[in-house]
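In my numbering, the protein residues as written are 1088 to 2138. The beta-carbon is built from N, C-alpha and C at its ideal position, and this holds for glycine as well. Note that the structure is a prediction, hence the values are computed from the model and not measured.
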């Protein structure tokens, strides 16, 4: 679900201008643009992507041929010297890395395209022409994907084969021959004198006298033809014999035989980089001074000599253009060759004013990148400093649109990499409001990553604080707010950011922050003076809610397994799939080459690796026939379309989901739902990695399969806002502003109905009983409800009896509520004081709830205490016209951590089935709604029954964040979850809805009922705000008060 927000993070930096415009096309689809226009945009981007892919693959093939052509592609590697083999090996490995980079580029673009094609408006487009256009586009795209993967597979296989052959040759080669001279000069292998002299020349030390052997060759014109000179130059470069190269250039070769092109200089750079890597030295660290101190010739000396030999016209061509689209200076910057860059700029200064420094440093290649870009992308900081300083020092006029476009993209790149020093140096010669191909500025990038120091520098350089980006109409404030950067939001507001701006969908930054779960930031924006907007958010037609698709293939008695890859707890950052090296992987386990197949009961789901987004609301559903073992297998395949559609199996593993079901007894289970499966190498059976997943098993329930009640009946009644009494007449609290009846008791429910509630809320059910808190504490000990019998549960309230105690301490008297002192209950036998209250409070003082809240619900002295109730009691004693919101309080992991108890509870299916059975037996025609904070309970209620609506309760975004469940992290993910499982609606904590009331109708636009709960629902002003905004259901404590307010309210 985070794919769109993290899309830019997956880019190959130097190819960042060639990705599908995901945000732009998605925005067009969301904002009622015609489907045909959106499809045309997508079609154009697909064409551009395919074209770029072909160009890069051709470049790899061209470089591979050029590599082999140096040796004229001999048939056998046995003629190669080890030095030549190592040169080839390095070159082929570089090409393989380039191919893998292209494969990653394809992976991200393919994911973006496939996601766009799955958008609702493109799944079911309106109009025959749109359907035909989309059908053609999908068919062509499918064929092109296959062709792409096949081309990559063939190239990869060819490169890997060559690398394997060279590695074998290195292990067996004796190093006495050179394929180069045999092939190029046409000298026979049985010319031992020439070969021996040549290899002796290569072995001589720098201190030896001038090479007489090369001098003798120079005297033979038939040998020193231009071809021979070039061949010797290449040979010596490949062998890293820099002294002989210099001798060839300085003393032997005639000047008219020296004609250096791009390929020669690329070869020189490539070998130099290979040499530095083999020595473990950074190319940037090599300077003329330390080379001179060593007394040895170097590639840098050779390059300096070549530069002096170049004519001005040839130099200009070499510095600004290239047949393979990578000019010389770009190549040097990419490889971090600082001293080489200095030499180039020095040579440029010597050419004259008609060819200045700025022209070269800001020259763009076919990717629209300059040497500045390459140095920054490959993290060569000294080269970056050198070029940046050069630009600032030259003080040329950079006002042309081309210069500003290049400098603007460079500035954005520096911001992306967090290079504060570069931004500080370059921002004053750049227009900071220049937009990239994706329509964003450098300030948007800084705000998106929350880098306050860089935001400050850009604003000082004149960046527009309210400039809008193209795809969505977001200002930098939006970027910072959506991504949760409070410091950046604060700084932007302090420097004049307009908090009232709306984007193309009608959203404000405050609303987007609220919807994404950043309430503290939303409060910050609201406090800066944002205004209320009356128009709706995202005025777009939404497709009707689709029926639950997971039951489509299920038969009565089938078990449905909902499996999520990865953890469902926010604080858990473990990846769903971890791959180590395994036997059939020869290139380092690059995840972009693999796919994961998850199979069970004859059903298979295929997931491309790596997983690029949060799969919280992307479950894998498996239907198991009655009596089948719940076995799930995981297999990882290496993509190879030449072998099969699945590819080559490299590792796998299997798990039995119910293998530990008796670990805690037949009726108990762990609340830790994560499970890790080791995957084994298919050849060696060694552990090759692991799969982390979360699952819930839904077992069948035969009753309640026909609809009995829905929220449509409430809408037909004409009621504006439905009132639901929270835990009956209201939650018990420490305040004394109003009379309180013990919560979740029969009397409390009846009183709520009398006060005007259409529904009353029924909570925690095990036997099933009515209780809200995690544990029962009346005995003085915290005992989880699921560990009690029903008799123990009922007895807990009966122990609150009055006993005559004559010597009550005055301090105990001061703790008793005022109304108890003034008007003692008739059974109390002391002078205005009920001594039993003191005993009860003393008994509770060490329990968890009492320590946290200073009270316990339904306790004598604090409220009018009543006997605890069971669900059957309520069905029997509360009038049948009163509806029930049955909130199933199943323990959550963070609750057990807070209570300091083991994360073990009643088996989930047993818990839900017990409640459903009671509803089936005693529910009759009573209006009933199910709800729960626990996502797994909502899933099972949706799967097991069709009689009553189900609502998900979440405190999404409410501070402080207590619930660590990902599906309760924010309003956005909660809406996705409710839609996915066909829930009737969502019950939100009232704080986000009060902060941004327009979100109420936005949630309802998905076909969901929008409800709220919380203490602020008993405050008249807050009730009115939500009612006027269109809230469907209010769950509240002060039923009578709010009912009176709503009667007087005119909508």
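Query	Result
Give me the residue from 1787, 1746, 1662, 1760 with the minimum Cα distance to residue 1711.	1787
From 2068, 1434, 1721, pick the residue whose C-alpha is nearest to that of residue 1681; which is it?	1721
Residues in its own chain within less than 6 Å of residue 1725 by CB, not counting five upstream and five downstream?	1680, 1681, 1734, 1735, 1737
Give me the Cα-Cα distance between residue 1542 and residue 2062, rounded to the nearest whole angstrom.	33 Å
Assuming the contact rule is C-beta atoms closer than 8 Å, residue 1743 and residue 1718 should be a hit. Round their C-beta distance to whole Å, please.	5 Å
Round the Cβ separation of residue 1573 and residue 2083 to the nearest angstrom and send it over; I've been treating them as touching at under 8 Å.	Wrong, their Cβ atoms sit about 17 Å apart, outside the cutoff.
Less than 8 Å between the CB atoms is what I'm expecting for residue 1575 and residue 1567, so what's the real figure, rounded?	4 Å
Using a Cβ-Cβ cutoff of less than 6 Å, which residues in the same chain neighbour residue 1731 once the five nearest sequence positions on both sides are dropped?	none
If you follow the alpha helix (DSSP H) that residue 1331 is part of, which residue opens it and which one closes it?	1329-1334
Could you name the residues of the same chain whose beta carbon sits closer than 8 Å to that of residue 2116, not counting the 5 residues immediately before and after it, in chain order?	2080, 2084, 2085, 2087, 2088
My output table needs one value for residue 1699: the three-state DSSP class, helix, strand or coil.	coil
What three-state label does DSSP hand residue 1725 in the structure shown?	strand
Confirm, please, whether the CB-CB distance from residue 2067 to residue 1704 is below 9 Å.	yes
If you measure between the beta carbons of residue 1405 and residue 1348, is that distance less than 9 Å?	yes
Considering only the beta carbon of each residue, do residue 2070 and residue 2038 sit closer than 9 Å?	yes
Provide the residue span of the beta strand (DSSP E) that contains residue 1776, from first to last.	1774-1785
Ignore the nearest five residues each way along the sequence and tell me which others in residue 2043's own chain have a CB closer than 8 Å to its CB.	1604, 2055, 2056, 2057, 2058, 2060, 2061, 2075, 2076, 2079
For residue 1590 versus residue 1561, is the C-beta distance shorter than 9 Å?	yes
Using 10 angstroms around the beta-carbon of residue 1094, count the other beta-carbons present and answer buried if the total reaches 16, otherwise exposed.	buried
If you follow the beta strand (DSSP E) that residue 1711 is in, where does it begin and where does it stop?	1707-1711
Counting C-beta neighbours from all protein chains within 10 Å, is the total for residue 1765 16 or more, i.e. buried, or is it exposed?	exposed
Can you have a look at residue 1776 and say buried or exposed, based on whether 16 or more other CB atoms are within 10 angstroms of its CB?	buried
Return the residue from the list 1758, 1436, 1772, 1714 that minimises the CA-CA distance to residue 1668.	1772
If you draw a straight line from the alpha carbon of residue 1645 to that of residue 2029, how long is it in whole angstroms?	15 Å
How many angstroms separate the CA atom of residue 1976 from the CA atom of residue 2021?	8 Å
Going by C-alpha to C-alpha distance, which of 1455, 1564, 1136, 1255 sits closest to residue 1595?	1564
What is the DSSP secondary structure of residue 1223, reduced to helix, strand or coil?	helix
Among 2094, 2092, 2126, 2093, which one has its Cα closest to the Cα of residue 2106?	2126
I need the boundaries of the alpha helix (DSSP H) containing residue 1316, first residue and last residue.	1313-1325
Within a Cβ cutoff of 6 Å, which residues of the same chain sit near residue 1790, ignoring the five residues on either side of it in sequence?	2007
Are residue 2211 and residue 1999 closer than 9 Å when you measure CB to CB?	Given a span of 1088 to 2138 for the chain in the structure shown, any question on residue 2211 remains unanswerable.
For residue 1757 and residue 1961, I'd like the C-alpha separation in whole angstroms.	30 Å
Below 8 Å, how does it come out for the segment 1125-1139 and the segment 1100-1110: are there three or more Cβ pairs, yes or no?	yes
Contact between the segment 1141-1158 and the segment 1218-1229 is defined here as three or more beta-carbon pairs at a separation below 8 Å; is this criterion met?	no
Please name the residue in 1103, 1662, 1795, 2016 whose C-alpha comes closest to that of residue 1196.	1103
For residue 1751, which beta-bridge partners are listed by DSSP?	Partner(s): none; residue 1751 has no beta bridge.
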